[in-house]
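Each remark here refers to the structure printed beneath this line.
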Amino acid sequence: MPESRNAGLFARAQRSIPGGVNSPVRAFRAVGGTPRFIERAQGAYLWDADGKRYIDYIGSWGPMILGHGHPAVLEAVHKAVADGLSFGAPTEREIELAETILQLVPSAEQVRLVSSGTEAAMSALRLARGATGRSKIVKFEGCYHGHADALLVKAGSGLATFGHPTSAGVPPEVVRDTLVLPYNDVAALETTFDLHGPGIACVMIEPIAGNMNFVRAGVPFMQRLRELCTRHGALLVFDEVMTGFRVALGGAQSLYAAAIPGFAPDLSVFGKVIGGGMPLAAFAGPRSVMEQLAPLGPVYQAGTLSGNPVATACGLATLREIRKPGFFDALARTTRTLTDGLLCAAHEAGVPMAGDCEGGMFGFFFAAKLPHDYPGVMATDQQRFNRFFHAMLDHGIYLAPALYEAGFVSAAHTPADLEATLGAARGALEA
Ligand SMILES: Cc1ncc(COP(=O)(O)O)c(C=O)c1O
Numbered sequence: 004m005p006e007s008r009n010a011g012l013f014a015r016a017q018r019s020i021p022g023g024v025n026s027p028v029r030a031f032r033a034v035g036g037t038p039r040f041i042e043r044a045q046g047a048y049l050w051d052a053d054g055k056r057y058i059d060y061i062g063s064w065g066p067m068i069l070g071h072g073h074p075a076v077l078e079a080v081h082k083a084v085a086d087g088l089s090f091g092a093p094t095e096r097e098i099e100l101a102e103t104i105l106q107l108v109p110s111a112e113q114v115r116l117v118s119s120g121t122e123a124a125m126s127a128l129r130l131a132r133g134a135t136g137r138s139k140i141v142k143f144e145g146c147y148h149g150h151a152d153a154l155l156v157k158a159g160s161g162l163a164t165f166g167h168p169t170s171a172g173v174p175p176e177v178v179r180d181t182l183v184l185p186y187n188d189v190a191a192l193e194t195t196f197d198l199h200g201p202g203i204a205c206v207m208i209e210p211i212a213g214n215m216n217f218v219r220a221g222v223p224f225m226q227r228l229r230e231l232c233t234r235h236g237a238l239l240v241f242d243e244v245m246t247g248f249r250v251a252l253g254g255a256q257s258l259y260a261a262a263i264p265g266f267a268p269d270l271s272v273f274g275k276v277i278g279g280g281m282p283l284a285a286f287a288g289p290r291s292v293m294e295q296l297a298p299l300g301p302v303y304q305a306g307t308l309s310g311n312p313v314a315t316a317c318g319l320a321t322l323r324e325i326r327k328p329g330f331f332d333a334l335a336r337t338t339r340t341l342t343d344g345l346l347c348a349a350h351e352a353g354v355p356m357a358g359d360c361e362g363g364m365f366g367f368f369f370a371a372k373l374p375h376d377y378p379g380v381m382a383t384d385q386q387r388f389n390r391f392f393h394a395m396l397d398h399g400i401y402l403a404p405a406l407y408e409a410g411f412v413s414a415a416h417t418p419a420d421l422e423a424t425l426g427a428a429r430g431a432l433e434a
């Protein structure tokens, strides 16, 4: 049998690029096997270096909500490219994008554009510390906010103790002020605020955690978190890099606002969908806080490519499409059909599976019940997930290569794509 081009490229990539990839999860370490080298994409499909077609449920890890190569997005990008790739000076399109984000996110009065979710989360953290004059931050086990030093932290040995770095190269001093709490645990929150309240600058949370598959923060937990932040003068920072413009037009915060009267986060962090596949992210909040940023205030933050004209054109064109009436209803229906179909197939096969979805984001677990925190996710059946993943990949279904990643559906997924996916799943569940 001739060697697959994917395998050949992977071997070659490993000689010049650490691990052969430019972001670790792409290396398939969690599931084993050879990553697919992608040559092109269109609509709901990807084609790898061996010419094999896949139905794509990763969508570049979230941005491709319209599917690949949407004509309106491509047209906007082509036009922008012809006018210049980067100016390092303000443009009208940045204002348009800022205004669009602010219309869609009522909790925010001003927004700053950056180039990656990591940069946005890191900047929001600095802003929260600068605006409050406090140092301590709280995050939750299983939530990922990019790879800034202070956020690469795992829980300490006891409740409300400070965390340990999860990466070499992060000095313990840098995470000395980062507290890591279990997700969805009201008692841990209350203890932490009792012990450290006056020193806490902010609490950062993925409101629907997509970096431990798909786990929602419960409404009573979120309500208590909001109350405690307000009472102690800490900022509540919603990391909506994944959920923003993805689970609903107004992001996850619009769902909590519908469930909790008067609810709003203080700061919000966006990425993925707002760039439509180009490097673009943002953080946003009330004018009083955002005006602490340079050049108006003392909190420094900057970027050579921030608000890049091609990226803003791509993001604007994407947001224009998802604002069209009925877009999210249709997307949510597609995602629900897929999720329900997977659960039904598992039930018929006698395989325990739980799943959940919102808007265009979904998750499923090989477990009888939905987990509500990180240990619960990691206790689900990893080996069965890995077998299922590989069987699906063989059938041309491209799922995230790790059980702790969420899945994404796009507007380009058709009923026939879903049927093909569920047909493959019925076979894969036997694996
Ligand atoms: C919730 C969340 N925050 C932040 C980030 C970091 O974004 P980026 O990879 O663009 O740096 C991610 C990336 O997946 C994310 O899911």
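Here the sequence shown stands for residues 4 to 434, where the numbers follow the numbering used here.
Using N, Cα and C, we set each Cβ at its ideal position, and we do this for glycine too.
What's the C-alpha gap between G11 and D420? Annotation: G11 to D420 spans about 29 Å, alpha carbon to alpha carbon.
A409 versus G366: straight-line alpha-carbon distance, rounded: Taking the Cα positions, A409 is about 5 Å away from G366.
Inter-residue spacing [alpha-carbon to alpha-carbon] between F90 and G35: Going from the Cα of F90 to the Cα of G35 covers about 43 Å.
Hey, how far is the Cα of P93 from the Cα of F40? Each residue's Cα considered, the two are about 36 Å apart.
Report whether the distance from the Cβ of A67 to the nearest heavy atom of ligand 1 is below 6 Å. Residue identity check: residue 67 is Met in the sequence provided, not Ala. For ligand 1, not one heavy atom lies less than 6 Å from the Cβ of M67.
So, under 8 Å CB-CB, S309 and V117 are touching, yes? Tell me the CB distance rounded to an integer number of Å. S309 to V117, Cβ: 5 Å. Contact.
Look up C146 in the DSSP assignment and say whether it is helix, strand or coil. Collapsing the DSSP output to three states places C146 in coil.
What ranges does the beta strand (DSSP E) occupy inside the stretch 326-401, keeping only unbroken runs of at least 3 residues that lie completely in it? Within the stretch 326-401, the beta strand (DSSP E) runs of at least 3 residues that lie entirely inside it are, in chain order, 357-361, 364-368.
Please say whether P210 and F241 have beta carbons closer to each other than 7 Å? Yes, they are a contact pair.
Ignoring anything shorter than 4 residues, give me the alpha helix (DSSP H) runs that lie fully in the stretch 263-330, in order along the chain. As far as the stretch 263-330 is concerned, its whole alpha helix (DSSP H) runs of at least 4 residues are 290-293, 312-325.
Close beta carbons around G300, own chain, < 7 Å, minus the five adjacent residues each side: Taken in chain order, the residues that qualify are E294.
Hey, G363 and T383: beta-carbon distance below 7 Å or not? No Cβ-Cβ contact shorter than 7 Å links G363 with T383.
DSSP three-state label for H416, please. DSSP, read as helix, strand or coil, puts H416 in coil.
Roughly how many whole angstroms lie between the Cα atoms of H393 and Y60? If you take the alpha carbons of H393 and Y60, they lie about 14 Å apart.
Cβ distance (whole Å) where V28 is taken to contact P404 below 8 Å: The pair is a contact, with the Cβ atoms about 7 Å apart (cut-off 8 Å).
Per DSSP, what kind of secondary structure is V156 in: helix, strand or coil? The DSSP-derived three-state label of V156 is strand.
Would I203 be called buried (16 or more neighbouring beta carbons within 10 Å of its own) or exposed? Here I203 is buried: its Cβ has 16 or more other Cβ atoms, across all protein chains shown, within 10 Å.
Comparing alpha-carbon positions, which option in L155, D269, G253, V313 lies nearest E95? Closest by alpha carbon: V313.
Comparing the CB of G274 with every heavy atom of ligand 1, is any distance shorter than 6 Å? Inclusion of G274 in the 6 Å shell around ligand 1 follows from its C-beta lying nearer than that to a non-hydrogen atom of the ligand.
Alpha carbon to alpha carbon, how far is I400 from A348? Give it in angstroms, no decimals. Cα-Cα distance, rounded: 16 Å.
Minimum C-alpha distance to G70 - residue among V412, A423, F196: Ranked by how close their Cα comes to the Cα of G70, the residues V412, A423, F196 have V412 in first place.
Nonlocal neighbours in the same chain, by C-beta distance under 8 Å from L130, ignoring five residues either side: Once the five neighbours on either side are set aside, the close Cβ partners of L130 are L270, F286, G288, V292, M293, Q295, L296, V302, Q304.
Tell me which residues share the same chain as A428 and place their Cβ nearer than 6 Å to its Cβ, disregarding the 5 neighbours each side in the sequence. Short of 6 Å from the beta carbon of A428, and not among the five residues preceding or following it, lie these beta carbons of its own chain, in chain order: L345, A348.
Kindly list the residues whose CB is nearer than 7 Å to the CB of V76, restricted to its own chain and excluding five residues on each side of it in sequence; keep chain order. Excluding five sequence positions before and after V76, the CB atoms of its chain that fall closer than 7 Å to its own CB belong to L69, G279, C317, A320, T321, given in chain order.
For the 8 Å Cβ check, are there 3 or more pairs between the stretch 247-259 and the stretch 210-224? Short answer: they touch.
So, for R290: in the same chain, excluding its five sequence neighbours on each side, which residues have a beta-carbon less than 7 Å away from its beta-carbon? Closer than 7 Å at Cβ, skipping near neighbours: E112, Q113.
Should Y401 be counted as a contact of ligand 1 given a C-beta to heavy atom distance under 6 Å? Not under cutoff, so the answer is no.
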